[in-house]
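A.B. asks: The listed protein sequences derive, respectively, from chains A and B.
Residues in the first sequence are numbered from 1 upward in steps of one, following the working numbering.
Residues in the second sequence are numbered from 10001 upward in steps of one, following the working numbering.
Heads up, the beta-carbon is just placed ideally off N, CA and C, and yes, glycines get one too.
Here you go, one structure.
Protein chains: 2
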Amino acid sequence: MATIPVVVSVVILACLFGSESKYMVYNTSQTIVPGKLNVHLVPHTHDDVGWLKTVDQYYVGSNNSIQGACVQNILDSLVPALLADKNRKFIYVEQAFFQRWWRDQSEAIQIVVKQLVKSGQLELINGGMCMHDEAAPHYIDMIDQTTLGHRFIKNEFGVTPRIGWQIDPFGHSAVQAYLLGAEVGFDSLFFGRIDYQDRAKRKNEKSLEVVWHGSRSLGSTAQIFSVAFPENYEPPPGGFYFEVNDDSPIVQDDINLFDYNVQERVNDFVAAALSQANITRTNHIMWTMGTDFKYQYAHTWFREMDKFIHYVNMDGRVNALYSTPSIYTDAKYESNEFWPIKSDDFFPYADRIHAYWTGYFTSRPALKRYVRMMSGYYLAARQLEFFRGRNSSGPNTDLLADALAIAQHHDAVTGTEKQHVANDYAKRLSMGYDEAEAVVASSIACLVESPPSVGCGNPSSTFQQAIIETPNWFCLYYYAIIMCPLLNISYCPASETDLSNGKSLIVVVYNPLGWKREDIIRIPVAKEDVTVHDYEGREIESQLLPLFDAHVGIRNYHAAAYLGVTPRDAPIYWLAFQASAPPLGFSTYIISGSKDSGKQIRYRNTKNSVQKSVDVSYSFYSGYNGTKKDPQASGAYIFRPNGTYLIKPEVQVPVTVVRGPLIDEVHQQINSWLYQITRLYNGKEHVEVEHVVGPIPFEDGIGKEVVAKITTAMQTDKTFYTDSNGRDFIKRIRDYRADWNLQVNEPVAGNYYPINLGMYIHDDENELSVLVDRAVGGSSISDGQIELMLHRRLLNDDSRGVAEALNETVCSKEKCIGLTIQGKLYFRIDPLGEGAKWRRSVGQEIYSPFLLAFSEQDGDNWLTSRVTTFSGIDTSYSLPENVAMITLQQLDDGKVLLRLAHLYEVGEDKDLSVMTHVELKKLFPSKKISKVMEMSLSANQERSEMEKKRLVWKVEGASGSESKVTRGGPIDPAELVVELSPMEIRTLLIEFAITHHKLFDA
Amino acid sequence: MATIPVVVSVVILACLFGSESKYMVYNTSQTIVPGKLNVHLVPHTHDDVGWLKTVDQYYVGSNNSIQGACVQNILDSLVPALLADKNRKFIYVEQAFFQRWWRDQSEAIQIVVKQLVKSGQLELINGGMCMHDEAAPHYIDMIDQTTLGHRFIKNEFGVTPRIGWQIDPFGHSAVQAYLLGAEVGFDSLFFGRIDYQDRAKRKNEKSLEVVWHGSRSLGSTAQIFSVAFPENYEPPPGGFYFEVNDDSPIVQDDINLFDYNVQERVNDFVAAALSQANITRTNHIMWTMGTDFKYQYAHTWFREMDKFIHYVNMDGRVNALYSTPSIYTDAKYESNEFWPIKSDDFFPYADRIHAYWTGYFTSRPALKRYVRMMSGYYLAARQLEFFRGRNSSGPNTDLLADALAIAQHHDAVTGTEKQHVANDYAKRLSMGYDEAEAVVASSIACLVESPPSVGCGNPSSTFQQAIIETPNWFCLYYYAIIMCPLLNISYCPASETDLSNGKSLIVVVYNPLGWKREDIIRIPVAKEDVTVHDYEGREIESQLLPLFDAHVGIRNYHAAAYLGVTPRDAPIYWLAFQASAPPLGFSTYIISGSKDSGKQIRYRNTKNSVQKSVDVSYSFYSGYNGTKKDPQASGAYIFRPNGTYLIKPEVQVPVTVVRGPLIDEVHQQINSWLYQITRLYNGKEHVEVEHVVGPIPFEDGIGKEVVAKITTAMQTDKTFYTDSNGRDFIKRIRDYRADWNLQVNEPVAGNYYPINLGMYIHDDENELSVLVDRAVGGSSISDGQIELMLHRRLLNDDSRGVAEALNETVCSKEKCIGLTIQGKLYFRIDPLGEGAKWRRSVGQEIYSPFLLAFSEQDGDNWLTSRVTTFSGIDTSYSLPENVAMITLQQLDDGKVLLRLAHLYEVGEDKDLSVMTHVELKKLFPSKKISKVMEMSLSANQERSEMEKKRLVWKVEGASGSESKVTRGGPIDPAELVVELSPMEIRTLLIEFAITHHKLFDA
């Protein structure tokens, strides 16, 4: 056992391991030489945070029979390799791995690594927990996972990453460029995958490197220098791979041995450099020296790169140097070159003909939904955690934060991972949820118990004590506050309780939004004789809806599959009632047994009772299976249909209509594996369509990709609008790309785009908007029509590495059946120009549904002894209609991270696309704000510092064409009012004055 | 560029890299625990000195598409891994690699590594340049290559390897055990490959570990504790491979991550240990933790072994420790166990049914011959180097030593390497020869020029100056002394010179043997009118023999293939004459043109002119091609015949007989690809049969393995005798093994043995002896018959890794034809008990033929102005008939290494199997011996020190059955007489008194 000295002589180490050879000492000190072609060698590894193996398997290097990969080796071997020569450099990207490694390192190694980071030898770039996908994640998740990584880096190393490094995601979003790029403070953004037609044109025009304006609203104020690689993120062609056992020719420069080859290898290097220079502006080119999970023994790469730098520079035709994307970016900047402007985004992505990576927009729809649910829950849970007071060591929201962060990886929420890895992400989310649920329960318990003037969050309170002292705190139900995470499968033991013996069910309805809100809520109940009272004791209108077979089947199968329980008798009814809750607050409802004979359920069978101007239909595409000659199959990544088939009942099945005071439902069994419920809510003007899809049959040997088509008679001129990561809307034109003359070879797949918030189309009079409950793929293949892909079950792998067919099943008692998914679409028709308000506000409601907590009242009088309604903000205040609070989070140091987001783009709504403002004092009514610091989006540096460092790039063409972008002004420390211009997000770090008798005051 | 500090703090390093983990510090300090099952983990790598890649390719890690292997990585990564934890241990074996690495290391690394060797963390075992084969090498080569490695280790590290580690060779020889084991001073010998039937029995009887008496003559005085592994030299079954990307389950002990598996892995470990304990005596078992070219990133192995040691010892059921074969040997020794005795050897080796590794005894017969020729040449060249005085920096014999050493590797001379690797060995031998030839030429030039009383070797002499100052010394012909290395293909420009204009050809005939010797020599000449005079001016008898088409074809094709030259007109004749030369000396002969009409060549055609009591015939075995069901084909390793076919002319071809005063030759074209010449020499009583075999046809889809059968009518009762590495003879009985009840499944291949010197059979009256000119496989498949496999050409790989069919070709001008080999067998019949003398002395003559050097005399009178005869030893002295000088070599420090070998076994010859003695003073007549130190066989320690340390093992059964072994006594420093008992080899380090005016005095 070794003891660890705190003081370490790094110099000695460097000297010892730097002396590679007695006779061959390589000069690797070269920096940029102005007159020459500079080849920037950027040593890197690309470490997927889960793909073929789970994140932990990749980290420790287990399960190598699937893929030889061990991130621990990479980081372990990197340290001595960098110490051996101070000219060597490396970038590391994925913080999920880096943090796993970091927490295992001795203090001695940590000191050394801090010095390496400080000196720039080791540069942490991108810096999120993972290299998130850019199609399937919600922008709030992207911000959160980036913040998690960036703040760790800031705290441990005192540095802020300068570079966006999205080298592998399968297409690139506008939100990535402007929000997770420019607004984070990155100086440049690098990526590897753009459409093969686009790439060819850009090579030809030397326009792989651009200045990207990702946001119409923020324009050049949020632009970023962006680099698309000539091919991929690997070394250039010509044999420059140097992993252990790689077969590229090493530089054999020992004249005592056979096969001396220095001149041949220098020639290879120069040839590859000149070839790349030919498609690149300026005399700087970058070589990405590494690829997936390489540098397991870092020495093998550096040894060869040392030699290349030494001998190539001796040769003198080109200049080779160790570099990083930062050094490269600075070199590009200092070249004073003009760069083309790029707008919008890089979707969809095809890597060759018939290979559109648009299938993954929908792949694993259940996982995508789970991620989205957890995303909303995490937002709410952090609010409640703040109200109660954060507990760093006890249950908190960190585990969910971590699970959600990892789930944004470009092989996670994308659905392009192996099944066992998808299971791992789900397991992590589930564990994270469990801990967050404990936070939520304890916070609600605390808020219910304490008068607002006393508040929660005093760590010496008995609540806190209970948490700390309980070993298995996951299982604690604080004050019997119970959650029902499986409400989605109609499973809620708390609400299914027997209310016949005078017991009542307490429902605490929490609203995470910044506005007061009313919504119909639905809970399963076991009996029909129930009444609902509000917290003021008034009975309110409620409605019972029958639980149909489709839902009962889902409930029983999945409760058995996931909980291992066979539920008691299924509840017979859904009980629906309208609840309302204040901003960031809750209201309490009481469900009691009643002696009444129950509400009358009115329903009748009819064939056509709901008349609509909008037709909803379902089809499936048959997934191409691939042939020897043309092997590209439809799969987890790629959507390649070879036929389309309308889904219609073989026999005419009657439609069931349920009507009531709150909800009308139309139930249709479209076929044996597709069930649809159309819902209209009293007081809501949109249609909610719930679909239950699956198990998709495949016994006919045909993979199927199921779409919903929402059809109108509108003349939409090939044009539709899709959101970018749930934020900006981008105009799409069928069979068209703004950047090049599209050769159409996949008329369906090539028109698919990722949808996170929704889509809309319009004609001269109206617009049809559709909102979604998760990431899906969508398009408008025919004018007047919006189509959304709901589910996919395929029989073939599509040859992009995952090596599994996308054929999800759910197993219970050793029997596996195809995955059934349940989901909702929401649509509405508005007059032209008036749809944004619905899309934005209902979009927020879908993302942040009411959070329900249950308790039982047995003899006690809850209404008189407990807090029955609460708002986290000033009761007189709510956020402006065009602003959402996307983060409210207490940090470990007691400060609060607050993000406010303007929800509208410039010109999107005639009333709401305007500068607006939020009064901070009203948001924290019982606290005294002592300091507000505006931060970069990832909260790792002051905004003012970030702006000071921003590089101003020269762009081709007049930049005067852009109309002036306004942004909210500085925050007056006395007024504490935050201005927000359209699409602006402002990230604030808030400190409160500490009152004498409380540590944390909510 | 890093500068190198001389003083390095190893402690700091160890602490820095030893602290694997903040939370997991492993206790790896465990040593042997007496009461428990001790699992000795022996970390090792097995690095073939050439096999699928060349030695240099393996070292630098090039050509990885053939095999991922880089020895540089292993040694580079080993140093920090050992520094990280002082309990970690490693053994390194192959000095060819270690030396390549060592000479590239900085002084700082060298200091660290010396400390690691000193502390025992890094143990250098086996210690030869390679892990030599035990079937195909000559014992002198085995000694030389071991000495080369051992003396390097001694010089650099001051240590002597304790362990024989022959883990991969394909069967194990008696000479390895007693000579290269016990006589080298090893305490034990480890190996992996023994017959599968033998292994099964030994497991059952716990007799894998034995005390091996390899020599009948030296008995227990040369015994060695020997360990055959239970399976191979890899980790035990159960998943204990930890190379980068290996798929054994790692020990996942981080409770923060998923898949924690400590208990499962501990259970795996304990189960594997108990299983091995079940077949092993004592409570010590060894796990060979590594295999071919592993530890490229040593950290990956040690990290897991650290954990196993830590957790297994916490578990406590067995005791796990870092160990080495030395520690294991000591533990076995201290156990006081009794061990079975093993006699003879472990040949042949089959790893399963129908898989006898007896093909490689003959594979690549041309390479085997080249190695043997170079072996003899190296012995002679060192003698001449000594006479001239060694030049460390100029041309010397080191390169040949190195090439020969590497060629002894068990995938080199064995013929089991890929073709490009075989070419590499040949290239190295050729380069080594070229440099040695320069030494030989300069030495002969020097000896010819200087009167013996003056001597060569003064480094200030003009000869030396010429060597040092000439940049391209390879090409220098000192005093026009020219060699003819291609005499074997009848190509010798020097002797083919035009002698018509009064020029004469000088032939200096050097005899490397310690006895005066007479032999017929043959050189090609261009014309028939030549006479031969001896150095006293007397014309001596000579004979011209025609050069037949078979030889002319070989000459022209191979001169073009290897030299790129088309020879001038072929010589028409071989000129033969009888030469004699003194011990370690030369005589000069002069070939002149003559006006005579030339010698009459008498020859006639006949069908049957030579009557013999011995019949020589040729057959081929058809090599089995393998089927899907029974895939084991005959190949480079494995001999698996599926038929035997007599080779006879399709039409009766006339026999050509050439008669003369010195030689009678009978030429027979047996078929289109097999030519035979039977030779009888005047004054010699044996028959020499030369065969020219090839290109073996394979167009019929049948691989062929060609054998010569020498048939008598003797009743030999299944019994025959084969040599062990050219030294001891071992009795073999067909279809029988002394150690177990043989299940015969390959009645031919399973009776094959390696032959290096020869074979004999006998009946009650006579013995038939056959000697060979290279390593071959041989057997006696029928009573009265000896068969020797001469050549093999096969169409299939035999699935032992080389992945090439053994199908050798020789290419010239882009045309490749199957390899033709040329070789000789020598046989003779003696009365029973009298054959040894011929076998031993002619064996020496075959190994050490006359070395011929040529010059031209043009007008000068060579005989009067030059030294025309010379003996390196006292002219009145020659070695006893039963002693050979197998090493005479001047070392870099000026000392001389002398090895004297008794040539007879106990009881082998009634006169010569006796104690004999050598007078050292007579061997160095012009020098004064100041000190003689007797050394271990590999000359790395004093013999007396070695004997003092020798472990005395307890053996099963009475050891009193052995008759007393005598050995030569101590050498009296005044008398300087060396006694040698049968089979004894004595290794002496001799120092000479320095005379005032000469640095080196010969």
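Between which two residues does the beta strand (DSSP E) carrying Q10857/B extend?
C.D. replies: Residues 10851 to 10857.
A.B. asks: Which of helix, strand or coil does DSSP assign to I990/A?
C.D. replies: It is a strand residue.
A.B. asks: Spell out a yes or no on whether the segment 10571 to 10584 of chain B and the segment 10543 to 10562 of chain B are touching, meaning 3 or more CB-CB pairs, one atom from each, closer than 8 Å.
C.D. replies: Taking 8 Å as the limit for Cβ pairs, the verdict is that the segment 10543 to 10562 of chain B does touch the segment 10571 to 10584 of chain B.
A.B. asks: Taking only beta carbons into account, state which residues of the segment 10475 to 10504 of chain B come closer than 7 Å to chain A, listed in chain order.
C.D. replies: Here the close residues number zero.
A.B. asks: Would you call C10811/B buried or exposed, if buried means 16 or more other Cβ atoms sit within 10 Å of its Cβ?
C.D. replies: Answer is exposed; the Cβ neighbour count stays below 16.
A.B. asks: Under 7 Å between beta-carbons, which chain A residues line up against I10520/B? List them in chain order, please.
C.D. replies: Near I10520/B there are no residues of chain A at all, since even the closest Cβ is about 40 Å away, more than 7 Å.
A.B. asks: Along the alpha helix (DSSP H) that carries T864/A, what are the first and last residues, could you check?
C.D. replies: Element bounds for T864/A: 862 to 865.
A.B. asks: Which partner residues does E10919/B have in the DSSP bridge list?
C.D. replies: DSSP output for E10919/B lists V10977/B as bridge partner(s).
A.B. asks: In its own chain, which residues sit with a C-beta less than 7 Å from the C-beta of I353/A, not counting the 5 before and 5 after it?
C.D. replies: Answer for I353/A: N745, listed in chain order.
A.B. asks: Rounded to a whole number of angstroms, what is the C-alpha to C-alpha distance between W287/A and Q166/A?
C.D. replies: About 16 Å.
A.B. asks: So which residues of chain E does N766/A contact, with C-beta pairs closer than 8 Å?
C.D. replies: Among the protein chains of the structure shown, namely A and B, there is no chain E.
A.B. asks: Got a sec, what are the start and stop residues for the beta strand (DSSP E) V530/A sits in?
C.D. replies: Taken as a continuous stretch (DSSP letters only), the beta strand (DSSP E) holding V530/A covers 530 to 534.
A.B. asks: Less than 8 Å between the beta carbons of S443/A and R369/A, yes or no?
C.D. replies: Result no, Cβ atoms of S443/A and R369/A do not sit closer than 8 Å.
A.B. asks: At a Cβ cut of 7 Å, what residues of the segment 10298 to 10314 of chain B count as close to chain A, listed as they run along the chain?
C.D. replies: Flagged, chain order: H10299, T10300.
A.B. asks: Which whole runs of the alpha helix (DSSP H) in the segment 10055 to 10096 of chain B are 4 residues long or more, in chain order?
C.D. replies: Correct list: 10055 to 10060, 10071 to 10083.
A.B. asks: Any beta carbon from chain B within less than 8 Å of P80/A's own beta carbon?
C.D. replies: Interface residue, yes.
A.B. asks: In its own chain, which residues sit with a C-beta less than 7 Å from the C-beta of G10018/B, not counting the 5 before and 5 after it?
C.D. replies: Because G10018/B sits at a pLDDT of 48, beneath the cut-off of 50, its placement in the model cannot be relied upon, and the following sentence gives the value as read from the coordinates. So the qualifying residues of the chain are A10084, D10085.
A.B. asks: Which residues, taken in chain order from the segment 256 to 281 of chain A, show a beta carbon closer than 9 Å to some beta carbon of chain B?
C.D. replies: Going along the segment 256 to 281 of chain A in chain order, one finds N256, L257, F258, D259, N261 with a Cβ nearer than 9 Å to chain B.
A.B. asks: Label V10657/B either buried or exposed according to how many other C-beta atoms from any shown protein chain fall within 10 Å of its C-beta, with 16 as the threshold for buried.
C.D. replies: Buried is the call here.
A.B. asks: Look at the alpha carbon of E962/A and the alpha carbon of A108/A, and state the distance between them as a whole number of angstroms.
C.D. replies: Each residue's alpha carbon lies about 53 Å from the other.
A.B. asks: Within 10 angstroms of the Cβ of T10531/B, are there 16 or more other Cβ atoms? Answer buried if so, exposed if not.
C.D. replies: By the 10 Å Cβ count, T10531/B comes out buried.
A.B. asks: According to DSSP, F346/A sits in a beta bridge with which residue or residues?
C.D. replies: Partner(s): H172/A.
A.B. asks: State buried or exposed for G747/A, treating a residue as buried only when at least 16 other CB atoms are found within 10 Å of its CB.
C.D. replies: Looking at the sequence shown, residue 747/A is not Gly but Pro. Label assigned to P747/A: exposed.
A.B. asks: Would you check if the segment 10910 to 10927 of chain B and the segment 10406 to 10422 of chain B touch, i.e. whether three or more CB-CB distances between them fall below 8 Å?
C.D. replies: No, the segment 10406 to 10422 of chain B does not touch the segment 10910 to 10927 of chain B.
A.B. asks: In whole angstroms, what separates the C-alpha of N1005/A from that of E685/A?
C.D. replies: Outside the shown range of chain A, which is 1 to 1002, sits residue 1005/A, and nothing can be said about it.
A.B. asks: If the cut is a Cβ gap below 8 Å, which residues of chain A does E10059/B touch?
C.D. replies: Note on residue identity: the sequence assigns Tyr, not Glu, to residue 10059/B. L257, listed in chain order.
A.B. asks: For a cutoff of 8 Å on Cβ pairs, would you count Q10166/B as touching chain A?
C.D. replies: No - not a single Cβ of chain A is within 8 Å of the one on Q10166/B.
A.B. asks: Report the three-state DSSP secondary structure of Q1005/A (helix, strand or coil).
C.D. replies: Since the displayed chain A opens at 1 and closes at 1002, residue 1005/A lies outside it and no answer follows.
A.B. asks: If you draw a straight line from the alpha carbon of Q632/A to that of S799/A, how long is it in whole angstroms?
C.D. replies: Approximately 7 Å, taken between the alpha carbons.
A.B. asks: Around the C-beta of V10251/B, are 16 or more other C-beta atoms found within 10 angstroms, so that it is buried, or is it exposed?
C.D. replies: Buried, by the Cβ-count rule.
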